[in-house]
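In the working numbering, the protein residues as written are 569 to 991.
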Ligand code: F6P
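Set out below in structure tokens:
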């Protein structure tokens with residue numbers, strides 16, 4: 569990896585990409601505060617890469633120090649994010665060239681792209697095209713995804729907080745159902761995000777340990793959904809414990825490979841829109857076993873629940889933003905700061921650069937050794953991996969009205985210099 573010191577002339581462009589998290593703004597704070605400390609002006613793309621294509625760039629120097637600090641505890645994507653996949657360089661070169669034109673017009677020398685594996689791929693392509701077009705641009709990926717499915721990094725900023733929310737919610741809802749089971753609800757089903765990888769569902773397993781502790785059944789997208797085995801496990805649990813908590817990933821599929829929860833729509837990346845596996849499972853339970861049920865679909869609540877964020881996660885999110893700026897200013901290109909675990913107990917981690925080419929377009933699933941043999945629970949190895957990631961709390965400050973004091977930004981756009989570009 570080439571690393572040559574650069575003087576901090578030029579601007580830095582930061583963009584958020586894909587589904588947001590409760591701590592992606594902590595990465596933004598890490599980027600902006602670190603760049604400010606080096607005297608570098610940061611523009612933020614409005615609504616992610618679309619803002620870069622449309623030349624809608626926010627001047628973050630107009631934001632107060634307090635507002636930027638408040639990003640550390642504010643969920644959502646403060647500058648807007650988007651799902652927009654740049655097509656292949658061969659067929660849609662004009663889009664990439666437009667990006668280089670926008671970067672050049674505003675003397676942007678560093679581009680930091682905060683997203684998942686698709687975004688790592690885009691950042692890599694821009695760095696390659698910059699070189700081919702003779703424009704000196706350093707591109708750094710900043711990791712983010714609640715799905716925890718990025719390659720190379722030990723975990724992904726955003727995941728620890730959704731994991732904590734899921735484990736805590738599983739525990740709390742289980743206490744509720746346990747109190748009612750004698751005369752009312754016997755089965756509670758929680759549906760969590762995670763399209764292809766079961767990391768979030770696995771985190772629910774931290775709520776309890778042992779055969780009778782909730783969650784009694786976890787359904788992972790890594791396993792084919794087996795209706796008979798599922799119903800047998802629910803029935804046996806209700807007969808033994810009196811009630812049963814099920815946690816299902818939105819991404820579970822049947823033997824034919826179809827999502828149980830597919831809504832029939834697709835996003836710009838071609839991903840199926842999911843959501844609704846819990847009611848499907850609930851109907852099965854009612855129809856085949858006759859048990860009264862409740863189900864919940866926390867959906868966006870789980871990835872925006874900053875009030876219940878993991879301190880470890882919030883700190884890692886800030887740290888990758890900070891490191892990304894340091895790498896960029898040191899002249900590194902086409903890398904991503906990744907989290908390296910150096911010890912499980914006590915949990916220790918550090919940040920290192922990894923080539924974007926190793927992160928782009930790979931998807932990290934749960935290892936076989938993290939799922940119990942019957943397919944419905946997590947192993948001790950999974951606990952060792954997951955447990956440190958939900959450690960610590962860092963609640964936002966609350967106001968007199970009882971609500972969190974979240975950042976509100978001015979998001980002032982700079983003047984455009986180029987003609988409009990049709991997307
Ligand atoms: O970014 C990941 C994710 O949170 C998935 O787990 C979920 O399926 C998806 O985003 C939802 O995406 P959208 O908000 O675009 O519908």
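C-beta atoms are modelled at their ideal positions from N, C-alpha and C, and glycine is treated no differently. Values in this document were obtained by computation on a predicted structure and should not be read as measured data.
*asked:* So for residue 624, helix, strand or coil by DSSP?
replied: Locating residue 624 in the chain shown gives position 56, counting from the first residue. Correct three-state label for residue 624: coil.
*asked:* Please classify residue 614 as buried or exposed, where buried requires at least 16 other C-beta atoms within 10 Å of its C-beta.
replied: Residue mapping note: residue 614 aligns to position 46 of the chain shown, counting from 1. With 16 or more other Cβ atoms within 10 Å, it is buried.
*For residue 761, is the beta carbon positioned less than 7 Å from some heavy atom of the ligand F6P?*
As a first step, residue 761 is located in the chain shown; it is residue number 193 there, counting from the start. Yes, since a heavy atom of the ligand F6P falls inside the 7 Å radius drawn around the Cβ of residue 761.
*asked:* Below 8 Å on the Cβ atoms is my contact criterion, and I expect residue 589 with residue 712 to pass it. Report the Cβ-Cβ distance as a whole number of Å.
replied: Here the question's residue 589 lines up with position 21 in the chain shown. Here the question's residue 712 lines up with position 144 in the chain shown. About 6 Å; that satisfies the 8 Å criterion.
*Under the criterion of a Cβ to heavy atom distance below 7 Å, does residue 871 qualify as lining the ligand F6P?*
Here residue 871 corresponds to residue number 303 of the chain shown, with the count starting at 1. The answer is yes for residue 871.
*Report the three-state DSSP secondary structure of residue 610 (helix, strand or coil).*
For the purposes of this step, residue 610 is identified with residue 42 of the chain shown, where counting begins at 1. Strand, per DSSP.
_Which residue wins for smallest C-alpha separation from residue 649, given the options 759, 817, 583 and 830?_
Residue mapping note: residue 649 aligns to position 81 of the chain shown, counting from 1. The residue with the shortest Cα to Cα distance from residue 649 is 583.
*Would a C-beta distance cut-off of 8 Å place residue 667 and residue 694 closer than the cut-off?*
Start at 1 with the first residue of the chain shown, and residue 667 comes out as number 99. Start at 1 with the first residue of the chain shown, and residue 694 comes out as number 126. Yes; because the gap between Cβ atoms is below 8 Å, this pair is in contact.
*Measure the beta-carbon distance from residue 618 to residue 678 and round it to whole angstroms, keeping in mind my assumption that it falls under 8 Å.*
Position 50 of the chain shown, counted from the first residue, corresponds to residue 618. Position 110 of the chain shown, counted from the first residue, corresponds to residue 678. In fact, because the Cβ distance is near 20 Å, the residues do not count as touching under 8 Å.
_According to DSSP, simplified to helix, strand and coil, what is residue 573?_
Translated into positions along the chain shown, residue 573 becomes position 5. The predicted position of residue 573 is uncertain, since its pLDDT is 46 and thus under 50; a value taken from the coordinates is nonetheless stated next. Residue state, collapsed to three classes: coil.
_Exposed unless 16 or more other CB atoms sit within 10 angstroms - verdict on residue 892_ = As a first step, residue 892 must be located in the chain shown, where it is residue number 324. Residue 892 should be labelled buried.
*Length at least 4, wholly inside the stretch 652 to 715: the alpha helix (DSSP H) runs in chain order*: 661 to 673 and 685 to 700
*With C-beta atoms as the reference, is residue 698 less than 8 Å away from residue 904?*
As a working mapping, residue 698 is identified with position 130 in the chain shown. As a working mapping, residue 904 is identified with position 336 in the chain shown. Not in contact: residue 698 and residue 904 (Cβ atoms no closer than 8 Å).
*Under the criterion of a Cβ to heavy atom distance below 7 Å, does residue 715 qualify as lining the ligand F6P?*
As a position in the chain shown, residue 715 is number 147, starting the count at 1. Within the cutoff, so yes.
*Just the Cα atoms here: how many angstroms apart are residue 598 and residue 635?*
Position 30 of the chain shown, counted from the first residue, corresponds to residue 598. Position 67 of the chain shown, counted from the first residue, corresponds to residue 635. Those two C-alpha atoms are separated by around 13 Å.
_Candidates 640, 692, 898 and 753, of which the one nearest residue 975 by Cα_ = Mapped onto the chain shown, residue 975 falls at position 407. Here the closest residue by C-alpha is 640.
*With respect to 7 Å, is the separation between the Cβ of residue 920 and the closest non-hydrogen atom of the ligand F6P below this value?*
In the chain shown, counting from the first residue as 1, residue 920 sits at position 352. No.
*Is residue 715 buried or exposed, if buried means 16 or more other CB atoms sit within 10 Å of its CB?*
To locate residue 715, count along the chain shown from 1; it is residue 147. Result: buried.
_Sub-8 Å separation of residue 688 and residue 928 beta-carbons_ = Within the chain shown, residue 688 is the residue found at index 120, counting from 1. Within the chain shown, residue 928 is the residue found at index 360, counting from 1. A contact, by the Cβ cut-off of 8 Å.
*asked:* Assuming the contact rule is C-beta atoms closer than 8 Å, residue 759 and residue 873 should be a hit. Round their C-beta distance to whole Å, please.
replied: Here residue 759 refers to the residue found at position 191 of the chain shown. Here residue 873 refers to the residue found at position 305 of the chain shown. Contact flag wrong, Cβ pair sits at about 15 Å.
_Backbone secondary structure at residue 980 - three-state DSSP_ = The residue labelled residue 980 in the question sits at position 412 within the chain shown. Here residue 980 sits in coil by DSSP.
*asked:* Suppose you measure from the CA of residue 754 to the CA of residue 586; what does that come to, to the nearest Å?
replied: Translated into the one-based positions of the chain shown, residue 754 becomes position 186. Translated into the one-based positions of the chain shown, residue 586 becomes position 18. For residue 754 and residue 586, the distance between alpha carbons rounds to 37 Å.
_8 Å CB neighbourhood of residue 980 in its chain, flanking five on each side removed_ = Along the chain shown, one-based indexing puts residue 980 at 412. Only 626, 627 and 630 meet the Cβ criterion.
*Have a look at 707, 664, 647 and 725 and flag the residue whose alpha-carbon is nearest the alpha-carbon of residue 887.*
Looking up residue 887 in the chain shown gives position 319. Checked all of 707, 664, 647 and 725; the closest Cα to residue 887 is 725.
*What does residue 784 pair with, by DSSP beta-bridge criteria?*
In the chain shown, the residue the question calls residue 784 occupies position 216. BP columns for residue 784 are empty, so no partner.
*Sort 937, 844, 623 and 961 by Cα distance to residue 875 and report the nearest one.*
Residue numbering aside, residue 875 sits at position 307 when the chain shown is read from its first letter. It is 961 whose Cα lies nearest to the Cα of residue 875.
*Taking 7 Å as the cut-off, is the CB of residue 830 close to at least one heavy atom of the ligand F6P?*
If you number the chain shown from 1, residue 830 lands on position 262. Not so, every heavy atom of the ligand F6P lies at least 7 Å from the Cβ.
*Distance between beta carbons of residue 773 and residue 522, contact taken as under 8 Å*: The structure shown has nothing for residue 522, since the chain only spans 569 to 991.
_Just to confirm before moving on: does the CB-CB distance between residue 728 and residue 878 stay below 8 Å?_
Residue numbering aside, residue 728 sits at position 160 when the chain shown is read from its first letter. Residue numbering aside, residue 878 sits at position 310 when the chain shown is read from its first letter. Yes.
_For a test of the three-state rule: what should DSSP assign to residue 777, helix, strand or coil?_
Translated into the one-based positions of the chain shown, residue 777 becomes position 209. Coil, per DSSP.
*Could you tell me the distance, in whole angstroms, from the CA atom of residue 654 to the CA atom of residue 682?*
Your numbering for residue 654 matches position 86 in the chain shown. Your numbering for residue 682 matches position 114 in the chain shown. The straight-line gap from Cα to Cα measures roughly 15 Å.
*Pick helix, strand or coil for residue 751, following the three-state DSSP scheme.*
For the purposes of this step, residue 751 is taken as residue 183 along the chain shown, with counting starting at 1. Residue 751 falls in the coil class under three-state DSSP.
*If residue 814 sits next to residue 785, beta carbons under 8 Å apart, how far is it from one beta carbon to the other, in whole angstroms?*
Along the chain shown, read from residue 1 onward, the residue named residue 814 stands at position 246. Along the chain shown, read from residue 1 onward, the residue named residue 785 stands at position 217. With 8 Å as the limit, residue 814 and residue 785 qualify as a contact, their Cβ atoms being about 4 Å apart.
*Quick one: what does DSSP say residue 826 is sitting in, helix, strand or coil?*
Counting from one through the chain shown, the residue named residue 826 turns up at place 258. Looking at residue 826 - three-state DSSP - the assignment turns out to be coil, as it is neither helix nor strand.
*What residues in its chain sit with their C-beta under 8 Å from that of residue 676, if we drop five residues either side in the sequence?*
For the purposes of this step, residue 676 is taken as the residue at position 108 of the chain shown. Same-chain partners within the cutoff: 578, 579, 580, 581, 611, 670 and 705.
*Taking only the alpha-carbon atoms, compute the straight-line gap between residue 703 and residue 665 and give it to the nearest angstrom.*
Along the chain shown, read from residue 1 onward, the residue named residue 703 stands at position 135. Along the chain shown, read from residue 1 onward, the residue named residue 665 stands at position 97. Taking the straight line from one Cα to the other gives about 11 Å.
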